[in-house]
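Input: a single structure, listed below in structure tokens.
2 protein chains.
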Amino acid sequence: MTSARERILDAYERQLVELGERGSTLDAIAVEAGVSKGGLLYHFKSKDDLASGLIARLTERGAADLAGFPDTAEKAIHHFIVAASDVDDPLGASYLATQVLARAGRADAFAALQDLEEGWYRAILELTGDPVVARLMQLVSDGIYYNAAVVPEGSPPTASGFTLVPLGEEREAIIARLLSLLPPAGASGQRGQ
Amino acid sequence: MTSARERILDAYERQLVELGERGSTLDAIAVEAGVSKGGLLYHFKSKDDLASGLIARLTERGAADLAGFPDTAEKAIHHFIVAASDVDDPLGASYLATQVLARAGRADAFAALQDLEEGWYRAILELTGDPVVARLMQLVSDGIYYNAAVVPEGSPPTASGFTLVPLGEEREAIIARLLSLLPPAGASGQRGQ
DNA sequence: GTCTATATTTGGATAGAC
DNA sequence: GTCTATCCAAATATAGAC
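Quick note, the sequences are listed as chains U and C, same order. Quick note, the working numbering runs 1173 ahead of the 1-based positions in the first sequence. Quick note, the working numbering runs 1173 ahead of the 1-based positions in the second sequence.
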């Protein structure tokens, strides 16, 4: 069994995304983590402290992701877009949960997100040499994250088949189109602008 | 002075975006709207009812936007991206506030957003004839909205000059690049894929 | 390190005067 | 149509036993 501390953070993370900041009560978190409220408050003195722990973990995970970032534009874009649409990996989970905290008004959550975004932006910029492409990449990935964050678990498409989160083949088509924006050295496309 | 009902909705909208769902208390809303808590609860029987009113207003404003949607791909994309980055217009404000409600777990808020997204997606698809471009457009605009929603008021760029929301010239460059993805009939670009 | 109380605070909602 | 006063529930936090 993983440490109680980690289990508490995991439970909080999950509840932030699924229930929002409002729904993530100390009681519910404690139950899901398999400890009592008192036990929880031994590891984190207050709810504020709990949030700080979550944000710190995002920062660690983000640094690890950036440290292992791909070294070509093609691979980077692929990694970037795929990672954005994979809510299951730990970094994605931390990212989404921190988004919720940021929107609830926590300044340090916002700062952590901004730092991460900047790191990714700079990494893509360095690889592509094109600030507009880098910004587009950032916005598309934010768009995917946003959709993932808003869509409730297992949400069905609308009656007419529309779905918010792009999956499978559509995702690959999007990546291909983004790659087509790259300068000549790129694998598959012409250029625009 | 506008009607108390509208003032209450405006105040609630603003507080949702700036303080989050948690921070938007009936007390604070009443104060900002210039009524008492009792007065507020005369217009909306419960907080739930207040949220419903907000969502209904988004749906009205969204329908109006779609009704006046541009009739060419170029104009549509421009309108779409510019509108997404203008948080001051009433539709944008309603959209952002409803996002907060959706993330707090309100199913009807999510449904209203999804309907709107679908309407926009279909409008762009019809004008461009390209589902990948339409999806990219949707994601970029979501990305912009997301950034606008997370960024606190008057937030400064990082020390190194990075800023989350693309403004001014950068926004125009992004629009131009997106337009370059359009098929031959488009104004300025070649195509990819 | 984890538990069971219990205290404190806050926010949503009601009742009834004006 | 708006206000004040009050009630009630929920959530955070504390105290202290085990």
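Beta carbons are placed, not taken as given, at the ideal position from N, Cα and C, and that holds for glycine. None of the values given here were measured: they were computed from a predicted structure.
Item: Measuring straight from C-alpha to C-alpha, what distance separates residue 1187 of chain U and residue 1195 of chain C?; Value: 18 Å
Item: From residue 1212 of chain U to residue 1203 of chain U, what distance separates their C-alpha atoms?; Value: 8 Å
Item: With C-beta atoms as the reference, is residue 1289 of chain U less than 8 Å away from residue 1235 of chain U?; Value: yes
Item: Terminal residues of the continuous alpha helix (DSSP H) containing residue 1326 of chain U?; Value: Residue 1326 of chain U -> no alpha helix (DSSP H), and no H or E assigned at all.
Item: Quick one: residues in its chain with C-beta nearer than 7 Å to the C-beta of residue 1201 of chain C, no 5 flanking neighbours on either side, listed in chain order?; Value: 1188
Item: Within 8 Å, do at least three Cβ pairs link the segment 1311-1319 of chain C to the segment 1240-1260 of chain C?; Value: yes
Item: Express the C-alpha separation of residue 1306 of chain C and residue 1301 of chain U in angstroms, rounding to a whole number.; Value: 21 Å
Item: How long is the line joining the alpha carbons of residue 1295 of chain U and residue 1243 of chain C, rounded to whole angstroms?; Value: 35 Å
Item: Output the distance between the C-alpha atoms of residue 1330 of chain U and residue 1329 of chain C, rounded to the nearest integer angstrom.; Value: 38 Å
Item: To the nearest angstrom, how far is it from the Cα of residue 1392 of chain C to the Cα of residue 1197 of chain U?; Value: Residue 1392 of chain C lies beyond the range of chain C shown here (1174 to 1366); nothing can be said about it.
Item: Output needed for residue 1264 of chain U: all residues of its chain with C-beta closer than 6 Å, excluding positions within five of it in sequence on either side, in chain order.; Value: 1234, 1238
Item: Here's a check: name, in chain order, each residue in its chain whose Cβ is nearer than 6 Å to the Cβ of residue 1275 of chain C, leaving out the five neighbours to either side.; Value: 1282, 1283, 1286
Item: Note down the Cα distance separating residue 1241 of chain C from residue 1253 of chain C, rounded to an integer number of angstroms.; Value: 12 Å
Item: Using a Cβ cut-off of 9 Å, pull out every chain C residue sitting near residue 1312 of chain U, in sequence order please.; Value: 1312, 1313, 1314, 1315, 1316, 1317, 1319, 1320, 1339, 1347
Item: What is the C-beta distance between residue 1350 of chain U and residue 1214 of chain C, in whole angstroms, given that I count them as a contact (C-beta under 8 Å)?; Value: Going by Cβ atoms, the distance from residue 1350 of chain U to residue 1214 of chain C rounds to 51 Å, so no, they are not a contact pair.
Item: Please say whether residue 1220 of chain C and residue 1199 of chain C have beta carbons closer to each other than 8 Å?; Value: yes
Item: With a CB to CB cut of under 6 Å and the five nearest residues on each side skipped, what residues in its chain are close to residue 1266 of chain U?; Value: 1186
Item: Based on Cα-Cα distance, which residue from U:1174, U:1205, U:1272, U:1327 lies nearest to residue 1228 of chain U?; Value: U:1272
Item: Cβ closer than 8 Å: which chain C residues qualify as neighbours of residue 1215 of chain U?; Value: Correct list: empty, because the minimum Cβ distance to chain C is about 25 Å.
Item: How would you label residue 1347 of chain U, buried or exposed, when you count the other beta carbons within 10 angstroms and need 16 or more for buried?; Value: buried
Item: Taking only beta carbons into account, state which residues of the segment 1187-1210 of chain C come closer than 8 Å to chain U, listed in chain order.; Value: 1191, 1192, 1193, 1194, 1195, 1196
Item: Between residue 1232 of chain C and chain U, is the shortest Cβ-Cβ distance under 8 Å, so that the two count as touching?; Value: no
Item: Suppose the cutoff is 7 Å on Cβ atoms and the five residues either side in sequence are ignored; what does the same chain contact list for residue 1179 of chain U look like?; Value: none
Item: Using CA coordinates, which residue listed in U:1292, U:1247, U:1327 is at the minimum distance from residue 1336 of chain C?; Value: U:1292
Item: Between which two residues does the alpha helix (DSSP H) containing residue 1277 of chain C stretch?; Value: Run containing residue 1277 of chain C: none; DSSP gives neither H nor E here.
Item: Whole angstroms is fine: what's the gap from residue 1361 of chain C's alpha carbon to residue 1251 of chain C's?; Value: Here the model assigns residue 1361 of chain C a pLDDT of 43, short of 50, so the residue's position is not dependable, and the following value carries that caveat. Looking at the two C-alpha atoms, the distance is approximately 13 Å.
Item: Using a Cβ cut-off of 8 Å (strictly closer), state whether residue 1280 of chain U contacts chain C.; Value: yes
Item: Using only the alpha-carbon positions, how far apart do residue 1333 of chain U and residue 1339 of chain U sit?; Value: 16 Å
Item: Under a CB-based cut-off of 8 Å, is residue 1275 of chain U close to chain C?; Value: yes
Item: Please determine whether the Cβ atom of residue 1270 of chain U lies at a distance below 7 Å from any heavy atom of the ligand SAM.; Value: Among the components modelled here there is no ligand, and therefore nothing to report on the ligand SAM.
Item: Near residue 1298 of chain U, what residues of its chain come up, given a Cβ to Cβ distance below 7 Å and the 5 sequence neighbours on each side ignored?; Value: 1304, 1307
Item: For the alpha helix (DSSP H) that residue 1262 of chain U lies in, which residues bound it at each end?; Value: Looking at the DSSP string, residue 1262 of chain U is not in any alpha helix (DSSP H), and its letter there is neither H nor E.
Item: Please state the DSSP three-state secondary structure of residue 1314 of chain C.; Value: helix
Item: Does any residue of chain C have a CB that is nearer than 8 Å to the CB of residue 1329 of chain U?; Value: no
Item: So is residue 1286 of chain U in contact with chain C if we call contact Cβ pairs under 8 Å?; Value: yes
Item: Quick one: Cα of residue 1208 of chain C to Cα of residue 1217 of chain U, how far?; Value: 39 Å
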